[in-house]
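Here's the structure we're looking at; comments come further down.
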Amino acid sequence: MVMLVGMMSKAPALDAKVSAYDSVMPSSRLRSPSWSSDNPYQAMFYMLCWYTFSTSATFINKTLIKEHGMSAELLTVCHLVMGTIFDAAIFAVPATSKYKMWFLQPMKLSSLLRLLPLSVLAIASKLLTYWSYSRVPVAVTHTCKASTPLFNVMLAFVVYRTSHATPIYVSLVPIVVGVAMASLSEVQINEVATAGLICAVASSMSGVMQSMYAKYLLRHGVIVDSVNLHFYSGLLCILVNSPVLMWNQAMLPDQIPYTLIFVCSICQFVSSLASILLLGHVAELTYSIMSTLKRVVIVVSAVVYFGNAMTLTSGVGMAVAVRSSSYPHAKSRMFVAGRGGYVPACKAHADQGHGALAPLAVIPCNSNRWDPI
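For the sequence shown, the UniProt record's numbering assigns the number 1 to the initial residue and increments by one for each residue that follows.
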């Protein structure tokens, strides 16, 4: 983690002209490595895809692990291999086709090595989540993973020395509490395994570090766009996961559910791709809060799917979590109508007198580039 923090804090923040796109873009056009869309509906579409396919993949993963005996390591390999094939298919679209949207970026060995920490964090997050699924209910796992925004704020302070306005801190607490209340019925009904809870919390921490480092790679032009990041990270994840797979000597189930694995891999791929495209549009803290609200969807869906009765506490928890997502409202209140700008996103910039910067976002205070949320 010390090495990762050092890499993220020392590199300069620059807008990069990406050579892989020189053939399809004017040479004078700068392509932002952390591109953001002015159209919020596009980000909303990515979010809905992320929520829908992530929930579906979660239930299928749980079924494969508990009912078919698939190991976490083997399931991860299946998802990674299928995801890499899907990415390759995206890049294989002919350049002359009107459906061509992404181009494969040539990568040097030094750049690939900079992606390696991201792959390690991604594998850690996946394996820890699946290990948690094998020990505790889905709702309990995602209750623990709802701590994501808190880890995000803490790591942003450690890495960037970023502090936020009071509404940011206030909005985090009820979201986490609400998700915990929504899962309380599961916690009361089922015996909670300590190892499963530890895995879930550790997965949450790894996921936050993964999203922050991915945003760092995009912002500093190490990788051209989110799809290339998804592809190269997937390749490295296969290499990183291979020693774990061999060390644990994962056994194949007696009857391999190929169809279920294929459907799950598709859901996992669409969910992963949508999430990383969304990350390219929003700031890290916004992404974390969206991730936390996704837990509400998964927890409630798990109660319905697995046939568990929803208690009054669970219903209240849902309402609290959704209503308490006051972060966008806090952002809108920061707009100064008379000046047509925003107040500083972090206190360090406020002290320097920057009064018309981007709205609340986890952006390094030594950065001269700002991403809209």
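Just so you know, even glycine gets a beta-carbon here, dropped at the ideal spot from N, CA and C.
Here the structure is a predicted model, which means the values were calculated and not measured.
Report yes if the CB atom of residue i is closer than 7 Å to the CB atom of residue j, and no otherwise.
{"i": "MET70", "j": "SER265", "result": "no"}
{"i": "THR55", "j": "VAL297", "result": "yes"}
{"i": "TRP50", "j": "SER242", "result": "no"}
{"i": "SER226", "j": "ILE276", "result": "yes"}
{"i": "CYS237", "j": "SER119", "result": "yes"}
{"i": "ALA156", "j": "GLN210", "result": "no"}
{"i": "ARG135", "j": "GLY178", "result": "no"}
{"i": "TYR46", "j": "LEU279", "result": "no"}
{"i": "GLU67", "j": "LEU245", "result": "no"}
{"i": "TYR305", "j": "PHE59", "result": "yes"}
Quick check: the Cα distance between residue i and residue j, rounded to an integer number of angstroms?
{"i": "SER132", "j": "LYS98", "result": "43 Å"}
{"i": "SER111", "j": "ILE223", "result": "8 Å"}
{"i": "ILE198", "j": "LEU128", "result": "9 Å"}
{"i": "residue 412", "j": "ILE261", "result": "The chain is shown from 1 up to 373; residue 412 falls before or after that span and cannot be answered."}
{"i": "PHE86", "j": "LEU273", "result": "10 Å"}
{"i": "ARG295", "j": "SER125", "result": "15 Å"}
{"i": "ALA89", "j": "VAL77", "result": "18 Å"}
{"i": "SER36", "j": "GLY315", "result": "Only weak support exists for where SER36 lies, its pLDDT of 44 falling under 50; the value from the coordinates is given anyway. C-alpha separation (whole angstroms): 35 Å."}
{"i": "CYS144", "j": "ASP254", "result": "32 Å"}
{"i": "LEU172", "j": "ALA200", "result": "19 Å"}
{"i": "ALA180", "j": "PHE53", "result": "22 Å"}
{"i": "LEU113", "j": "THR84", "result": "18 Å"}
{"i": "ILE289", "j": "MET101", "result": "28 Å"}
{"i": "SER163", "j": "ALA57", "result": "35 Å"}
{"i": "PRO117", "j": "SER204", "result": "16 Å"}
{"i": "VAL170", "j": "VAL138", "result": "27 Å"}
{"i": "THR194", "j": "PRO106", "result": "45 Å"}
Less than 8 Å between the CB atoms is what I'm expecting for residue i and residue j, so what's the real figure, rounded?
{"i": "PHE91", "j": "LEU104", "result": "4 Å"}
{"i": "ASN248", "j": "VAL208", "result": "Contact doesn't hold; Cβ gap of about 25 Å is too wide."}
{"i": "LEU64", "j": "PRO257", "result": "7 Å"}
{"i": "TYR130", "j": "ASN228", "result": "At roughly 26 Å, the Cβ-Cβ gap does not stay under 8 Å, so TYR130 and ASN228 are not in contact."}
{"i": "GLN42", "j": "HIS281", "result": "7 Å"}
Report the option in the options whose CA atom is closest to the CA atom of residue i.
{"i": "ALA235", "options": "LYS100, PRO94, TYR41, LEU115", "result": "It should be noted that the sequence gives Leu, not Ala, for residue 235. Here the closest residue by C-alpha is LEU115."}
{"i": "ALA202", "options": "LYS215, THR148, THR286", "result": "THR148"}
{"i": "GLU284", "options": "TYR232, VAL299, SER233, ARG219", "result": "ARG219"}
{"i": "ILE175", "options": "SER291, HIS281, VAL263, THR259", "result": "SER291"}
{"i": "MET44", "options": "GLU73, TYR287, GLY317, ALA146", "result": "TYR287"}
{"i": "LEU312", "options": "PHE306, VAL300, TYR305", "result": "VAL300"}
{"i": "TYR213", "options": "VAL159, ALA180, VAL173", "result": "VAL159"}
{"i": "GLU302", "options": "THR141, LEU48, LEU113", "result": "Here residue 302 turns out to be Ala, not Glu, going by the sequence shown. If we check each option's Cα against that of ALA302, THR141 comes out closest."}
{"i": "TYR232", "options": "ALA57, LEU109, THR96", "result": "LEU109"}
{"i": "LEU150", "options": "GLN42, SER206, VAL240, HIS281", "result": "SER206"}
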